[in-house]
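Chemist:
Numbering (the working numbering), first residue to last: 5 to 222.
(1) With distances taken between CB atoms, is the gap from residue 221 to residue 137 smaller than 8 angstroms?
(2) Measure the Cβ-Cβ separation of residue 111 and residue 80 and say whether it is below 8 angstroms.
(3) Would you decide whether residue 74 is buried or exposed? Buried here means 16 or more other CB atoms lie within 10 Å of its CB.
(4) Can you give me the C-alpha to C-alpha distance between residue 219 and residue 207, rounded to a whole angstrom?
(5) Among 140, 155, 211, 50, which residue has its Cα nearest to the Cα of residue 108?
(6) Taking its Cβ as the centre, do 16 or more other Cβ atoms sit within 10 Å of residue 34, making it buried, or is it exposed?
(7) Out of 164, 97, 159, 64, state which residue places its alpha-carbon closest to the alpha-carbon of residue 198.
(8) Terminal residues of the continuous alpha helix (DSSP H) containing residue 133?
(9) Would you mind giving the Cβ-Cβ distance between residue 116 and residue 94, rounded to the nearest angstrom? I have them listed as a contact below 8 angstroms.
(10) From which residue to which residue does the alpha helix (DSSP H) around residue 209 run?
(11) How is the alpha helix (DSSP H) around residue 154 delimited, first residue to last?
(12) Between residue 244 and residue 97, what straight-line distance do the alpha-carbon atoms span, to the nearest angstrom?
(13) Please classify residue 54 as buried or exposed, where buried requires at least 16 neighbouring CB atoms within 10 angstroms.
(14) Report the residue from 156, 37, 65, 82 whose alpha carbon sits nearest the alpha carbon of residue 56.
(15) Quick one: Cα of residue 174 to Cα of residue 68, how far?
(16) Go ahead and label residue 22 buried or exposed: buried means 16 or more other beta carbons lie within 10 angstroms of its beta carbon, across all protein chains shown.
(17) Considering only the alpha carbon of each residue, which of 124, 41, 171, 190 lies closest to residue 134?
(18) Between the Cα of residue 183 and the Cα atoms of 39, 215, 166, which residue gives the shortest distance?
(19) How far does the alpha helix (DSSP H) with residue 53 in it reach, from first residue to last?
(20) Going by the CB atoms, is the gap between residue 38 and residue 61 shorter than 8 angstroms?
(21) Helix or strand or just coil, what does DSSP make of residue 169?
(22) Along the chain, where does the alpha helix (DSSP H) containing residue 109 start, and where does it finish?
(23) Can you tell me whether residue 197 is helix, strand or coil according to DSSP?
See the structure below:
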């Protein structure tokens, strides 16, 4: 990675108007967690090529990771304005909208993503979690949540404790508490084995709800 970073820095020295070099350097910096510098590189790339949807998408993700959600929405909408079929930008837009508390638009974006790529585990899990746990009972739909949570779990080989947590919450919302308890325990075992103590604590609380025949809502 350091060698790649030096390569693109040298490319910029040789051609200060190389939008691709700024973009690739931004990608490297974002992966390293250097979000402010990554943001600068993406903006510099856009100075030279303002209609590159991939740069707008990566800028949106960088803003998301800085919890600058409204700015992320704007960047991701720009990516989609240029290229409406940009599936990653649409998925990221769903996450940004959800983070802003705009639940119904987020649900619609996840549905749009899954209509094109129905086996995308992360998108299926996000949609399932909202349908299973949202505080608005007009949005909650336990039966549909189970279907999408199963897609996510199958995609991860039932080895992702977060996806199993979602499936357990979906079962509980649908009133299928025995399956919720069994799945929550499966998730808890995985969370503990991977050292995810925060998730394990949350699962223990949710498991108590399911044992009391209560669903979990956020």
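Ideal Cβ positions, reconstructed from N, Cα and C, are used throughout, including at glycine.
Modeler: According to the structure data:
(1) Against a cut-off of 8 angstroms, the Cβ pair of residue 137 and residue 221 comes out as a contact.
(2) Result no, Cβ atoms of residue 111 and residue 80 do not sit closer than 8 angstroms.
(3) It counts as exposed.
(4) Between the C-alpha atoms of residue 219 and residue 207 there is a straight-line separation of about 13 angstroms.
(5) Checking every option, the nearest Cα to that of residue 108 belongs to 140.
(6) Under this definition residue 34 is a buried residue.
(7) Comparing Cα positions, the closest option is 164.
(8) 125-137 is the extent of the alpha helix (DSSP H) around residue 133.
(9) The pair is a contact, with the Cβ atoms about 6 angstroms apart (cut-off 8 angstroms).
(10) Per DSSP, residue 209 belongs to the alpha helix (DSSP H) from 201-215.
(11) From DSSP, the alpha helix (DSSP H) with residue 154 extends over 146-159.
(12) This structure leaves residue 244 out entirely; the chain is present only between 5 and 222.
(13) With a 10 Å radius around the Cβ and a threshold of 16 neighbouring Cβ atoms, residue 54 comes out exposed.
(14) The shortest Cα separation from residue 56 among 156, 37, 65, 82 belongs to 82.
(15) Residue 68 has its alpha-carbon roughly 27 angstroms from the corresponding atom of residue 174.
(16) Residue 22 should be labelled buried.
(17) Closest by alpha carbon: 171.
(18) Per the C-alpha coordinates, the member of 39, 215, 166 positioned closest to residue 183 is 215.
(19) Bounds of any alpha helix (DSSP H) do not take in residue 53, whose DSSP letter is neither H nor E.
(20) No.
(21) When secondary structure is reduced to three states using DSSP, residue 169 falls in the helix class.
(22) Looking at the DSSP string, the run of the alpha helix (DSSP H) that includes residue 109 is 107-120.
(23) Helix, per DSSP.
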